[in-house]
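Here the structure comes first, spelled out in structure tokens, and everything after it is commentary.
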Amino acid sequence: MVERSLGNPVCILDMSFGVKFSLISLLLRALFADSSHSNQVVLLDTTAVLGELGWKTYPMNGWDAITEMDEHNRPIHTFQVCHVMEPNQNNWLRSNWISREAAQKVYAELRFTLRDCNSIPWVSGTCKETFNLFYMETDESHAIKFKPAQYTKIDTIAADESFTQMDLGDRILKLNTEVREVGPINRKGFYLAFQDIGACIALVSVRVYYKKCPFTFRNLATFPDTIPRVDSSSLVEVRGVCVKNAEERDTPKLYCGADGDWLVPLGRCVCSLGYEEMDGTCLACRPGFYKAFAGNIKCSKCPPHSFSYEEGSPLCHCEKGFFRAEKDPPTMACTRPPSPPRNVVFNINETSLFLEWSPPSDTGGRKDLTYNVLCKRCGADPRHCELCGGELRFVPRPQGLVNASVTVLDFTAHANYTFEIESLNGVSEMSSFSRPVTAVNISTDQGGPSLVGVVRKDWASQNSIALSWQEPEQTTVAVLDYEIKYYEKEHEQFSYSSTRAKALSIIITGLKPSTRYVFHIRARTSVGYSSYSPKFEYETGDETSDMAADQGQVLVIVTAAVGGFTLLVILTLFFLITGRCQWYIKAKMKSDEKRRTHYQNGHIPFPGIKTYIDPDTYEDPTQAVHEFAKEIDPSRIRIERVIGAGEFGEVCSGRLRTPGKKEIPVAIKTLKGGYVERQRRDFLREASIMGQFDHPNIIRLEGVVTKSRPVMIVVEYMENGSLDSFLRKHDGHFTVIQLVGMLRGIASGMKYLSDMGYVHRDLAARNILVNSNLVCKVSDFGLSRVLEDDPEAAYTTSGGKIPIRWTAPEAIAYRKFSSASDAWSYGIVMWEVMSYGERPYWEMSNQDVILSIEEGYRLPAPMGCPVALHQLMLHCWQKERGHRPKFTDIVSFLDKLIRNPSSLLTLVEDIQGLPDSPGEVPEYPLFISIGDWLDSIKMSQYKNNFMAAGFTTLDSISTMSIEDVRQIGVTLIGHQRRIVSSIQTLRLQLFHIQEKGFHV
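Under our numbering, the first residue of the sequence shown is numbered 317, with each subsequent residue one higher.
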């Protein structure tokens, strides 16, 4: 229906109504063919209104409203105006009230046609080819009287395409589309108004909408419809909600942009235990499958000997008779206890028994196999047995044996023993069945010595007691010696001491005044020990036989003097020989080092030795980056979150995708915008350095991004961050052996750098990174420099800050850095590790630190620090850099500590206060193991002799006599004397330690 005819002789389309309707239909078909926009919320669309629009025109004879239905029964609402023959036109068309809903900024999309004024004959000079768009905010939706002055102009609208009379004849359609922003709008709604000032226009459609970021799924999280902010430069942060059966790994976030687009995805959700990702949802694992860890990994089939009957199982249950240990991961197959050991054989050699057996035929599917040996002493009737007491010694121990053998010492003669050997693994405790054992019966009825009779006290002084006894009866073989065990009566349950004697008497020294002691004595022959004698109690302080006591003390003094003189001669020879050897080794190393030169100078380095190349030697530093670092396509990098700030920019964590491989976590250092070329060069210099290193204890460079912005350095991701903060966070949580393992890793990395001729200059716990497996890796190479060819040379800097608390004195005073100054810094790192990240030198100022070190002050041992580790720290802090240990020596020393955990049992606070004046025992024990002791006295060829005879600890050799040394196979008299002399010194050391109530 046509509301009003065009009273103007020049119609916008044609004087024929039929032509007019036909062209409008063409316009509307093109209009309805447009696609919809998912991120737009439509407030008004004239093409979708079924009834009349009801828009107002002012004056009434201005705009014409035409409403028709097309062939698809859809409404066609068109507004036309074409009063070009009349001057001073001011025709207004106003929409109905439009609610803004949740939006503050809306958009008006106008589709219209406009006729070219030049194509209209007899037109006056007042013809226009534009019209104006206005709006007015209001909370009212009715009875608003039209007042043009209340409206705010949005823009003047002009047509990109206009039509002519010829276009009408050819039915050529030229439809214009213009979009304008309306707002910001603060009231509940608004009106739109269109002003014609003398144009020939057909307004085909009006669509009013606002933009939103539509509901979406990203990374297993849902994000709701979100309205952008009015400020187009500000993003709206939206936190996602994990889908069903998923959980946050990192908080999922999206940012809603002003154009209704989601930007910058951060974080993610992962499927929970028992669920796997499939098509954007988390589905339960099928029966027979499981998923033990939250993450976007697939469900796995149950491991052997386990099952799951329900959907969504986080783990599989073990079959009957099979188990998992508490620390077994859910991915591990279920296992069972082992069968008993097989093929037990034994060999009795004088006073020792060597038991050996074969592993069980069925280990239960596990590798953590251990053995327990249970000893029973039986009477004449083998059915009547009782557990052995503490008289037997097992080497290395009776419980938790890893190797299928054990040595048993200190048998009693004329006795029957039964040894039961059981094999265990990590699930033996979980089985309700009795453990299978293999037993062997052994008799020591070989004519051993009988019991020692009465033990008499001959005399006693304030600190000594002289004892004597008679030779045992019924002795068919010669008695080798006697063992005397004694302890304070009031402290029987704490500790005891023992010594040996060849004769039938002994003077026990080093006792406390006026104290009651208990004594036991037993005899030893080549076939075994007797049982201990009954207890005899005697007290020090008795004045009886003072003269004999004085004579005994004189004898002890003379013996000690002779022994001390002998030891002095041996040590003098030892140091002379050692000094010559060290001089030769040092000269040889210096000669070898001079042969190694930088291959950039045209020389060939030693075969197999990789040499560090300083990036500063390149004319173009970019060439060094490309030579040592791999360029990464930035599309393979996904940044997830910011984890810190560096000198040049932000440090982020993310993922690196490599074709054909799974994504790996990485850390990304970025170069902030606005940098100068010098900053870019310094930033990439660290990558040029890291790219030359390949070692498990050096941070690994994955590559660089230099061909696009931002410039990035990509390295492996270390989950636990820097070592100092990690230790402070877990204060007291690690064993000493775990801490030594960390130190060993750092030393290994520094050995690698030193071997390449490289100086770090900033070695500190803050520059050590720790991964999830507690592997420590050296990082931060910003201060590092290369060594000269001469190993005694050092790099001298001309400026820059120095970390005083970690730096060697010569580096502070003369700016001379070397691997020896790195060794000093390593000692400080050791102190940081053993103190769980405490600040070196506490609150002392840097100047006080410098003065204290110059005066000889060194950091004391942290609480709980083993003696051996503090010794190594002090060795690293030698004032003369040539006296400090090389990193090769440090790694070797730490390896010995790890192989001999007992060497870490003695703590510094346990033995503080030992005498250290000339001629007395040094503050710390000198040796870690039997092997170290023998190496120090040049007797390493006898290591196997000691081990085969059951002497495996320093405590055990301290009781040896020269006859014992002969019996283990030392036949040369000079070697016998050297070993016995060293044993006497070691015995004195151990005596002073045990005197304070501690055991080595």
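We treat Cβ as the ideally placed atom computed from N, Cα and C, and that holds for glycine.
query = How about I1118 and I1166: are their beta carbons less than 8 Å apart?
reply = Start at 1 with the first residue of the sequence shown, and residue 1118 comes out as number 802. Start at 1 with the first residue of the sequence shown, and residue 1166 comes out as number 850. Annotated as distal: I1118 and I1166, with beta-carbon spacing of 8 Å or more.
request  = Measure the beta-carbon distance from S674 to A720 and round it to whole angstroms, keeping in mind my assumption that it falls under 8 Å.
outcome  = Position 358 of the sequence shown holds residue 674. Position 404 of the sequence shown holds residue 720. Contact holds; Cβ gap of about 7 Å.
query = Can you tell me the Cα-Cα spacing of I1029 and I980, whole angstroms?
reply = One-based indexing of the sequence shown puts residue 1029 at position 713. One-based indexing of the sequence shown puts residue 980 at position 664. Annotation: I1029 to I980 spans about 15 Å, alpha carbon to alpha carbon.
ask   = Which residues in the same chain have their Cβ closer than 8 Å to the Cβ of F531, if we skip the five residues on either side of it in sequence?
value = Along the sequence shown, one-based indexing puts residue 531 at 215. Taken in chain order, the residues that qualify are T538, F539, P540, D541.
inquiry  = Classify G1290: buried if its beta carbon has 16 or more other beta carbons within 10 angstroms, exposed otherwise.
reply    = Position 974 of the sequence shown holds residue 1290. Exposed is the call here.
request  = Work out the CA separation of E1032 and G1057 for me, nearest whole Å.
outcome  = As a first step, residue 1057 is located in the sequence shown; it is residue number 741 there, counting from the start. As a first step, residue 1032 is located in the sequence shown; it is residue number 716 there, counting from the start. One C-alpha to the other measures close to 21 Å.
ask   = Do C615 and C585 have their CB atoms nearer than 8 Å?
value = Mapped onto the sequence shown, residue 615 falls at position 299. Mapped onto the sequence shown, residue 585 falls at position 269. No, the Cβ-Cβ distance between C615 and C585 is not below 8 Å.
task = Apply the 10 Å Cβ neighbour rule to G680 and answer buried if 16 or more other Cβ atoms are within range, or exposed otherwise.
result = To locate residue 680, count along the sequence shown from 1; it is residue 364. Note on G680: 16 or more other CB atoms within 10 angstroms of its CB, so buried under the neighbour-count rule.
request  = State the Cα-Cα distance for the pair Y1157 and W1140, rounded to the nearest angstrom.
outcome  = Locating residue 1157 in the sequence shown gives position 841, counting from the first residue. Locating residue 1140 in the sequence shown gives position 824, counting from the first residue. Looking at the two C-alpha atoms, the distance is approximately 14 Å.
Within 8 Å, strictly: CB atoms of Y451 and Y507 = What you label residue 451 is simply residue 135 of the sequence shown in a count that begins at 1. What you label residue 507 is simply residue 191 of the sequence shown in a count that begins at 1. It is a contact, given that the beta carbons lie within the stated cut-off.
task = For my contact list, D1040 and A1081 are in at a C-beta cut-off of 8 Å; report their separation, rounded to the angstrom.
result = On the sequence shown, position 724 is the one that residue 1040 refers to. On the sequence shown, position 765 is the one that residue 1081 refers to. Going by Cβ atoms, the distance from D1040 to A1081 rounds to 4 Å, so yes, they are a contact pair.
key: Residue from A1184, R1200, D1211 whose Cα sits closest to the Cα of L1221   = Residue mapping note: residue 1221 aligns to position 905 of the sequence shown, counting from 1. Nearest C-alpha to L1221: A1184.
task = Starting from the N-terminal side, write out each stretch of the alpha helix (DSSP H) that is 4 residues or longer and does not extend beyond the segment 1024-1069.
result = Runs of alpha helix (DSSP H) with 4 or more residues, each lying fully within the segment 1024-1069, are found at 1039-1045, listed in chain order.
message = Rounding to the nearest angstrom, what Cα-Cα distance links T831 and A1265 in this structure?
response = Within the sequence shown, the letter at position 515 stands for residue 831. Within the sequence shown, the letter at position 949 stands for residue 1265. Cα to Cα, the separation comes out at about 36 Å.
request  = Along the beta strand (DSSP E) that carries S674, what are the first and last residues, could you check?
outcome  = If you number the sequence shown from 1, residue 674 lands on position 358. Per DSSP, S674 belongs to the beta strand (DSSP E) from 668-674.
query = Leaving out the 5 sequence neighbours to the left and right, which residues in its chain are closer than 8 Å to P937 when beta-carbon positions are compared?
reply = Numbered from its first residue, the sequence shown carries residue 937 at position 621. P931, R997, L1000, R1001, S1004, listed in sequence order.
ask   = Could you give the residue range of the alpha helix (DSSP H) that holds Q1163?
value = Counting from one through the sequence shown, the residue named residue 1163 turns up at place 847. Counting along the chain, the alpha helix (DSSP H) containing Q1163 begins and ends at 1162-1170.
key: Inter-residue spacing [alpha-carbon to alpha-carbon] between M1072 and R709   = Taking the first residue of the sequence shown as position 1, residue 1072 is located at position 756. Taking the first residue of the sequence shown as position 1, residue 709 is located at position 393. Taking the straight line joining both Cα atoms gives about 49 Å.
task = Kindly indicate if chain D contains any beta-carbon less than 8 Å away from that of Q995.
result = In the structure shown, chain D does not exist; there is a single protein chain.
Alpha-carbon to alpha-carbon, S411 and G370 = For the purposes of this step, residue 370 is taken as the residue at position 54 of the sequence shown. For the purposes of this step, residue 411 is taken as the residue at position 95 of the sequence shown. Counting only the Cα atoms, S411 lies some 8 Å from G370.
ask   = So what does R640 bridge to, in DSSP terms?
value = Start at 1 with the first residue of the sequence shown, and residue 640 comes out as number 324. Beta-bridge partners assigned by DSSP to R640: none are found.
inquiry  = For the pair the segment 1059-1072 and the segment 1175-1183, tell me if three or more CB-CB distances fall below 8 Å.
reply    = The answer is no - the segment 1175-1183 does not touch the segment 1059-1072, with fewer than three Cβ pairs under 8 Å.
query = In chain order, what residues of the same chain have a beta carbon less than 8 Å from the beta carbon of C443, not counting five sequence neighbours either side?
reply = Reading the sequence shown from its first residue, position 127 is the one you call residue 443. Closer than 8 Å at Cβ, skipping near neighbours: V400, C433, I436, G514, A515, C516.
inquiry  = At the level of alpha carbons, what is the spacing between L582 and N612?
reply    = Position 266 of the sequence shown, counting from 1, holds the residue named residue 582. Position 296 of the sequence shown, counting from 1, holds the residue named residue 612. Going by C-alpha positions, L582 is about 16 Å away from N612.
message = According to DSSP, is E1002 part of a helix, a strand, or is it coil?
response = Counting from 1 along the sequence shown, the entry for residue 1002 is found at position 686. Collapsing the DSSP output to three states places E1002 in a helix.
ask   = Is it buried or exposed for Q396, if we count other Cβ within 10 angstroms and need 16 for buried?
value = Locating residue 396 in the sequence shown gives position 80, counting from the first residue. In summary, Q396 is buried, with 16 or more beta-carbon neighbours lying within 10 Å of its beta-carbon over all protein chains present.
ask   = To which residues of the same chain is M905 closer than 6 Å at the C-beta, ignoring the five residues directly before and after it?
value = Counted from its first residue, the sequence shown places residue 905 at position 589. For M905, the predicted structure reports a pLDDT of 42, less than 50, and the residue's modelled location is therefore unreliable. A value from the coordinates is still provided. Cβ within range, chain order: n/a, list empty.
message = Give me the DSSP bridge partner(s) of G596.
response = Position 280 of the sequence shown, counting from 1, holds the residue named residue 596. Per DSSP, G596 has no beta bridge partner at all.
ask   = According to the neighbour-count rule (16 or more other Cβ atoms, all chains shown, within 10 Å of its Cβ), is R652 buried or exposed?
value = As a position in the sequence shown, residue 652 is number 336, starting the count at 1. Burial call: buried.
request  = For my contact list, L631 and Y606 are in at a C-beta cut-off of 8 Å; report their separation, rounded to the angstrom.
outcome  = Walking along the sequence shown from the start, residue 631 turns up at place 315. Walking along the sequence shown from the start, residue 606 turns up at place 290. About 5 Å separates the two Cβ atoms, so the contact holds.
ask   = Going by C-alpha distance, which of K1132, S821, I948, D575 is nearest S550?
value = Counting from one through the sequence shown, the residue named residue 550 turns up at place 234. Taking each of K1132, S821, I948, D575 in turn and checking the Cα distance to S550, the smallest one comes out for D575.
request  = Classify S1297 as helix, strand or coil using the three-state DSSP reduction.
outcome  = Numbered from its first residue, the sequence shown carries residue 1297 at position 981. In the structure shown, S1297 falls within a helical segment according to DSSP collapsed to helix, strand and coil.
query = On the three-state DSSP scale, how would you describe I984?
reply = Residue mapping note: residue 984 aligns to position 668 of the sequence shown, counting from 1. Here I984 sits in strand by DSSP.
query = Looking at the unbroken beta strand (DSSP E) that takes in W1158, where does it start and where does it end?
reply = In the sequence shown, the residue the question calls residue 1158 occupies position 842. Element bounds for W1158: n/a, residue is neither H nor E.
key: Three-way DSSP call (helix, strand, coil) for R298 in this model   = Residue 298 cannot be examined here, being either before or after the span of the chain that is shown, 317 to 1316.
query = Helix, strand or coil for C443 per DSSP?
reply = Here residue 443 refers to the residue found at position 127 of the sequence shown. In this structure, C443 counts as coil in the three-state DSSP scheme.
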